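In what follows, a single structure is set out as structure tokens and then discussed.
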Amino acid sequence: MLKVDETFATQVGASPQRSWWPLAGTIIFILCAAAFPAFAKAIGDPSLIGLAVRITIYAIAAASLNLILGYGGMISFGHAAYFGIGGYVVGILYHHFVDGSPFLGFIPGTNEFLITIPAAIVVSGLFAFVLGALSLRTSGVPFIMITLAFAQMLFFLFISLKAYGGDDGLIVRRRNVLFDLDMRDDTTFYFLTVAIAVIYFVGFARLVRSPFGMVLGGIRQSERRMAAIGVSTYRYKLTAFVIAGMGAGLAGALMANYSKFVSPDMLHWTKSGDLMIMIIIGGTGTLLGPVFGAAVLIGLETFLTSWTEHWKFILGPILIVIVLFSSGGLTSLFSGWSRKRE
Amino acid sequence: MSEPLLKVDSLTKRFGGLVATNNLSLDVLEGELHALIGPNGAGKTTFIAQIAGELHQDSGSIRFDGTEVSGWQTPARVQRGLARSFQITQLLPDYTTLDNVALAVQARRGHSYQFFIDARNRTDIRDEGGQHLDRVGLGGRADIAVSELSHGEQKQLELAIALATKPRMMLLDEPMAGLGTAECARMIDLLKVLKTEVTILLVEHDMDAVFALADRISVLVNGERIATGSADEIRANEAVRIAYLGEGDA
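Those sequence lines, one after another, are chains S and G. Numbered according to the numbering used here, the first sequence spans residues 1025 to 1366. Numbered according to the numbering used here, the second sequence spans residues 49 to 298.
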């Protein structure tokens, strides 16, 4: 009897922590996201749908970087490499699908979404494993520099790959096919992207609260402490690095499909910088920070470029204001809306 | 006679021209509290770091529990039962007190490649973490962020985390450093209990604490061990007095 009471008491005691907002917030978001295309058409600006797709894709990419940068404390300055590799997997497989020739002499091309996306995730993960295994032998500034160097190596590799367009990039004439969906329609692609993003972020939210996520956060706070409780930190950092690379690969593959184009620019270091800026705007080490960050950066880019090509001249001061006046990024303004570090 | 739990033999560590550990041999017997004292710069913390595996010696050997552990990294030594606390606390400031201990319990119970369960819902691990907090007197502070704890509480937490790894031997690097008189007395009481359960190598500057707690004391000067013995023997040792207690004529 007493035992039952105790169990009950524990559950009651634990319930305030398990608050309603994650579930409610997710449902509200899904409803808003579902209504958005109709809204965009109603106000006569269907191009907003494409904007939303790009924001969603960059949110996934920025969140994947945030796993290692914000949660794990590993400042990778080469994350666009995995974004670009994901894109090139889609591009190269499509190229061989149209060409009829196999990739590397034995891998046939394909335009099946259900094959290209997992392939992009796996290949980016493999690259992240190899480059991460080498980079993570260092830490601090050398780590920043070596990740940047590896990314630039891949950037120049793709520039010199004339078979796949060199610096002109590759055109993916049609988006990959998925069942009987009309992928050419931006609204359909929007729903597909948002659905993938919701699954990604729900998984991400669980990941950072898991035993693995706790270890990763511990490594950010004191790697020495983690070693002193018996954790082989290198392996956990490498695992996180691979998971992050896979997330960026997913985003890159979606972007290749959306824009029907891949080019070395996807791997350029300024793209890595963009992902970092998104995280800093939104709040490092927060679940939804990268979403806000992507929305602000892509949104500003889109609207400011319609006024002037020197849009970064306006973006700079806006960034400074955000960083100065919202310590911890935009997420800190919505306290309780996301996991906060402080 | 069985081998000591920790057997350090002819350990040497140089940093450039500075010999931090000079041909140092030391045995710590199972069940004893062995104190390591010495003036500032004697190489005590460097010595602890080598036993813990954070630094690797230039020559010499470290045997723990009958096995040569010199080539092992820190995590492997911890899993074998060799825990340490830090002189300058190394805690996870964004996590709660309980998170800090629970993480050590989690690490001891195996790998943490579990990606989709909520770590804070694992009641068996949280409960065990709570017990370790109770032991050091932090039971009421479980849900406080570590950054909010006082310095004394952080020192207690260091100890709770070390205990959570279920060590056979603890390397305690100045657990009283920076504590007030009352806190210090509490820490001594706590260590008196702990020394009955786990072998301890204690580095400490507080002489009252050392003489109250230690079964044996070794004195380190310039990276060399100049004496080992009971509290009385150390007090009476001429070389120690000259080198360390400052009562010699030199």
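All C-beta atoms in this analysis are idealised placements derived from N, C-alpha and C, irrespective of residue type, glycine included. All figures in this text were calculated on a predicted structure; none of them were measured in a lab.
Kindly indicate if chain G contains any beta-carbon less than 8 angstroms away from that of residue i.
| i | result |
| --- | --- |
| proline 1142/S | no |
| proline 1235/S | yes |
| leucine 1231/S | yes |
| valine 1239/S | yes |
| glycine 1271/S | no |
| threonine 1263/S | yes |
| glycine 1242/S | yes |
| methionine 1025/S | In this prediction, methionine 1025/S scores a pLDDT of 33, lower than 50, which makes its location untrustworthy; no coordinate-derived value is stated. |
| tryptophan 1044/S | no |
Please name the residue or residues paired with residue i in a DSSP beta bridge.
| i | result |
| --- | --- |
| serine 107/G | Thr60/G |
| histidine 82/G | Leu249/G and Arg264/G |
| glycine 277/G | Ile265/G |
| isoleucine 1017/S | Because chain S in this structure spans residues 1025 to 1366, residue 1017/S falls outside the shown range and cannot be described. |
| valine 1165/S | DSSP lists no partner for valine 1165/S. |
| lysine 55/G | Asp75/G and Arg111/G |
| glutamate 116/G | Arg111/G |
| threonine 144/G | Ala193/G |
| alanine 131/G | Met218/G |
| threonine 137/G | Answer by DSSP bridge pairing: none, since threonine 137/G is not bridged. |
| valine 1286/S | Leu1194/S |
| valine 1201/S | Glu1136/S |
| leucine 66/G | Phe63/G |
Which residues in chain S have a C-beta closer than 9 angstroms to the C-beta of residue i? List them in chain order.
| i | result |
| --- | --- |
| proline 141/G | Gln1245 and Ser1246 |
| threonine 213/G | Ala1252, Ile1253 and Gly1254 |
| leucine 197/G | By Cβ distance, chain S contributes nothing, its closest Cβ being about 14 angstroms from leucine 197/G, past 9 angstroms. |
| isoleucine 209/G | Arg1249, Ala1252 and Ile1253 |
| arginine 132/G | Ala1252 |
Below 7 angstroms on C-beta distance, what does residue i contact in chain G?
| i | result |
| --- | --- |
| arginine 1249/S | Gln138, Leu139 and Leu140 |
Less than 8 angstroms between CB atoms is the rule here; does residue i satisfy it with respect to chain S?
| i | result |
| --- | --- |
| valine 76/G | no |
| proline 123/G | yes |
| alanine 190/G | no |
| arginine 341/G | As shown, chain G starts at 49 and ends at 298. That puts residue 341/G outside it, with no answer to give. |
| arginine 216/G | no |
| threonine 60/G | no |
| alanine 167/G | yes |
| serine 266/G | no |
| serine 160/G | yes |
Between the options, which lies nearest to residue i when the distance is taken from Cα to Cα?
| i | options | result |
| --- | --- | --- |
| glycine 89/G | Gln162/G, Ala193/G, Arg216/G and Val269/G | Val269/G |
| histidine 1120/S | Ile1109/S, Gly1108/S and Asn1135/S | Asn1135/S |
| isoleucine 173/G | Asn148/G, Asp57/G and Thr69/G | Asn148/G |
| phenylalanine 1215/S | Ala1048/S, Ile1081/S and Leu1354/S | Ile1081/S |
| aspartate 1204/S | Phe1213/S, Ile1099/S and Val1347/S | Phe1213/S |
| leucine 74/G | Leu130/G, Ile290/G, Arg128/G and Gly277/G | Gly277/G |
| threonine 1257/S | Gly1241/S, Ala1272/S and Ala1268/S | Gly1241/S |
| proline 1288/S | Tyr1106/S, Gly1297/S and Ile1183/S | Ile1183/S |
| tyrosine 1252/S | Val56/G, Thr94/G and Val126/G | At residue 1252/S the sequence reads alanine, which differs from the tyrosine that was named. Comparing Cα positions, the closest option is Val126/G. |
| leucine 1047/S | Val1320/S, Phe1225/S, Ala1076/S and Ser1350/S | Phe1225/S |
| cysteine 232/G | Glu245/G, Pro215/G and Glu252/G | Glu252/G |
| threonine 122/G | Ala1152/S, Thr1332/S, Met1250/S and Tyr1282/S | Met1250/S |
| glycine 1254/S | Gln154/G, Gly226/G, Leu250/G and Ala260/G | Gln154/G |
| isoleucine 1051/S | Ser1234/S, Gly1269/S and Val1222/S | Val1222/S |
Along chain S, in chain order, which residues have C-beta atoms closer than 7 angstroms to that of residue i?
| i | result |
| --- | --- |
| phenylalanine 112/G | Those do not exist, as phenylalanine 112/G stays about 14 angstroms from chain S at its closest Cβ, beyond 7 angstroms. |
| valine 126/G | Ala1252, Ile1253 and Gly1254 |
| serine 118/G | The contacting residues do not exist; serine 118/G stays about 17 angstroms from chain S at best. |
| alanine 152/G | Ile1253 |
For residue i, return the contacting residues in chain S, with the cut-off set at a CB-CB distance below 8 angstroms.
| i | result |
| --- | --- |
| phenylalanine 164/G | Gly1227, Arg1230, Leu1231 and Ser1234 |
Kindly list, in the order they appear in chain G, the residues whose Cβ is closer than 9 angstroms to that of residue i.
| i | result |
| --- | --- |
| glycine 1133/S | Ordered by position in chain G, no residue passes the 9 angstroms Cβ test against glycine 1133/S, which lies about 32 angstroms from the chain. |
Segments of 4+ residues assigned as alpha helix (DSSP H) that fall wholly inside the segment 1048 to 1126 of chain S: 1071 to 1090 and 1104 to 1123
Just to confirm the assignment: which complete alpha helix (DSSP H) runs, minimum length 4, are found wholly within the segment 163 to 199 of chain G? 171 to 184
Restricting to runs no shorter than 4 residues, where is the alpha helix (DSSP H) found entirely within the segment 1205 to 1283 of chain S? 1210 to 1233, 1235 to 1245, 1247 to 1252 and 1257 to 1283
May I have a chain-ordered list of the alpha helix (DSSP H) segments no shorter than 4 residues that lie completely inside the segment 1302 to 1347 of chain S? 1313 to 1329
Ignoring anything shorter than 4 residues or poking outside the segment 202 to 246 of chain G, list the alpha helix (DSSP H) runs there in chain order. 229 to 242
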